[in-house]
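One structure is given below, encoded as structure tokens.
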Amino acid sequence: MYEHIPVLLEESTSYLVTKPDGVYVDATFGLGGHSKRILEKLSNKGFLIAIDKDEEAVELGKEKFKECNNIKIVHSSFSRLDEVLNFLGIDKIDGILFDLGVSSLQLDKPERGFSYNSDSFLDMRMDKTSKLTAYDVVNKYSEKELERIIREYGEERYARKIAKEIVKRRQQKPITTTKELNDLINSVVPRLKDGSNPAKRTFQAIRIEVNSELEEIKVALEKSIRFLKSGGRVCVISFHSLEDRIVKEFFKYHSLECVCPKDIPVCVCGKKKELNILTKKPITPTKEEIEKNKRSHSAKLRVAEKI
Numbered sequence: 104m105y106e107h108i109p110v111l112l113e114e115s116t117s118y119l120v121t122k123p124d125g126v127y128v129d130a131t132f133g134l135g136g137h138s139k140r141i142l143e144k145l146s147n148k149g150f151l152i153a154i155d156k157d158e159e160a161v162e163l164g165k166e167k168f169k170e171c172n173n174i175k176i177v178h179s180s181f182s183r184l185d186e187v188l189n190f191l192g193i194d195k196i197d198g199i200l201f202d203l204g205v206s207s208l209q210l211d212k213p214e215r216g217f218s219y220n221s222d223s224f225l226d227m228r229m230d231k232t233s234k235l236t237a238y239d240v241v242n243k244y245s246e247k248e249l250e251r252i253i254r255e256y257g258e259e260r261y262a263r264k265i266a267k268e269i270v271k272r273r274q275q276k277p278i279t280t281t282k283e284l285n286d287l288i289n290s291v292v293p294r295l296k297d298g299s300n301p302a303k304r305t306f307q308a309i310r311i312e313v314n315s316e317l318e319e320i321k322v323a324l325e326k327s328i329r330f331l332k333s334g335g336r337v338c339v340i341s342f343h344s345l346e347d348r349i350v351k352e353f354f355k356y357h358s359l360e361c362v363c364p365k366d367i368p369v370c371v372c373g374k375k376k377e378l379n380i381l382t383k384k385p386i387t388p389t390k391e392e393i394e395k396n397k398r399s400h401s402a403k404l405r406v407a408e409k410i
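If you're matching positions, the sequence shown starts at 104 in this note's numbering and goes up one per residue.
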């Protein structure tokens with residue numbers, strides 16, 4: 104079993120579980136750290152649905168929780184939340200947790216192709232049954248497409264330079280490994296002031312593209328509030344500004360009563376307030392948590408409650 108330390112564990116699960124006999128969803132099961140803590144907070148009548156798009160995580164989880172009767176682990180994307188709950192005959196839930204981004208299982212296995220510190224095939228698929236790989240993005244996308252992805256999803260100021268170099272190199276031979284891509288980026292991008300690897304942002308961008316991560320978050324959040332009971336909570340842990348912005352804007356929009364332009368004297372939009380935001384500012388890890396788990400340093404937890 105891989106070393107796995109769940110991020111913001113107590114903070115997220117304490118906000119999430121308000122009824123020990125409730126029905127909850129862990130939308131990003133991973134290695135089951137959050138699920139384990141949720142189950143500890145549930146009574147025998149409580150029930151947990153755990154979802155993961157990574158088949159390997161699902162198989163490991165089923166083995167890990169085989170003695171537990173009040174959890175159902177499902178291989179699916181969280182953007183298909185409605186299909187999962189409908190299939191299980193569940194029409195309402197008391198809370199849902201999203202722990203976004205790549206899991207420890209995926210990062211720590213070099214052959215999954217997520218890490219710029221390894222030398223393995225450019226894969227980066229969270230769901231190994233899906234077709235698009237990082238290899239396809241790097242070797243088949245146009246220079247313009249690559250630049251857009253790296254700029255938008257990586258927030259990388261050297262996007263044009265990197266895209267140009269990728270296209271130049273792949274004309275000589277395909278770029279097949281994480282090491283080749285890492286070395287390529289390091290050859291054209293200056294070392295970062297904080298000492299971190301210049302390839303970090305580009306790897307993030309390609310991973311987001313391969314897994315349609317941002318689009319899936321938007322879809323899943325919309326579906327989640329349809330299933331929440333009144334008083335039910337949606338808890339989201341994000342790891343970079345793109346994810347956090349989506350969550351923040353989603354919570355803000357659904358916490359508003361009216362979205363009409365200010366110069367219209369009477370509301371005509373008919374919008375109703377659906378959420379109360381419980382975290383005015385996001386909750387971040389303590390200094391102690393960051394020391395124990397460096398991967399937690401950029402984590403932000405936002406929580407909202409269904410009206």
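All C-beta atoms in this analysis are idealised placements derived from N, C-alpha and C, irrespective of residue type, glycine included.
| field | CA nearest to the CA of valine 425, picked from Phe224, Val120, Ile174, Ile108 | value | The first residue shown for the chain is 104 and the last is 410, placing residue 425 beyond what the model contains.
| Between which two residues does the beta strand (DSSP E) containing glutamate 408 stretch? | 403 to 409
| message | At the level of alpha carbons, what is the spacing between glycine 335 and lysine 409? | response | 5 Å
| query | For the candidate residues Ile328, Cys363, Leu404, whose alpha-carbon lies nearest to that of leucine 381? | reply | Leu404
| task | Classify serine 179 as helix, strand or coil using the three-state DSSP reduction. | result | coil
| said: Cutting at 7 Å between CB atoms, please list the residues of its own chain near tyrosine 105, excluding the five before and the five after it. | reply: With a pLDDT of only 43 at tyrosine 105, under the threshold of 50, the placement of this residue in the model should not be trusted, and no figure is reported.
| said: I'd like to check one pair, valine 241 with tyrosine 261: are the Cβ atoms closer than 8 Å? | reply: no
| task | Leaving aside the five residues before and after glutamate 114 along the sequence, list all residues of the same chain whose C-beta is less than 8 Å from its C-beta, in chain order. | result | Ile386, Leu404
| task | Might you give, ordered along the chain, the residues of its own chain that have their beta carbon closer than 7 Å to the beta carbon of threonine 236, omitting 5 neighbours on each side? | result | Leu225, Asp226, Met227, Arg228, Val313
| task | Note the first and the last residue of the continuous alpha helix (DSSP H) segment covering valine 339. | result | Taken as a continuous stretch (DSSP letters only), valine 339 belongs to no alpha helix (DSSP H), being part of the beta strand (DSSP E) at 331 to 341.
| If we call anything under 8 Å between Cβ atoms a contact, is aspartate 124 one with serine 138? | no
| said: Strictly by DSSP, which residues pair up with phenylalanine 201? | reply: Val339
| query | Which term fits cysteine 370, buried or exposed, when burial requires 16 or more other beta carbons within 10 angstroms of its beta carbon? | reply | exposed
| query | Alpha carbon to alpha carbon, how far is tyrosine 127 from lysine 397? | reply | 28 Å
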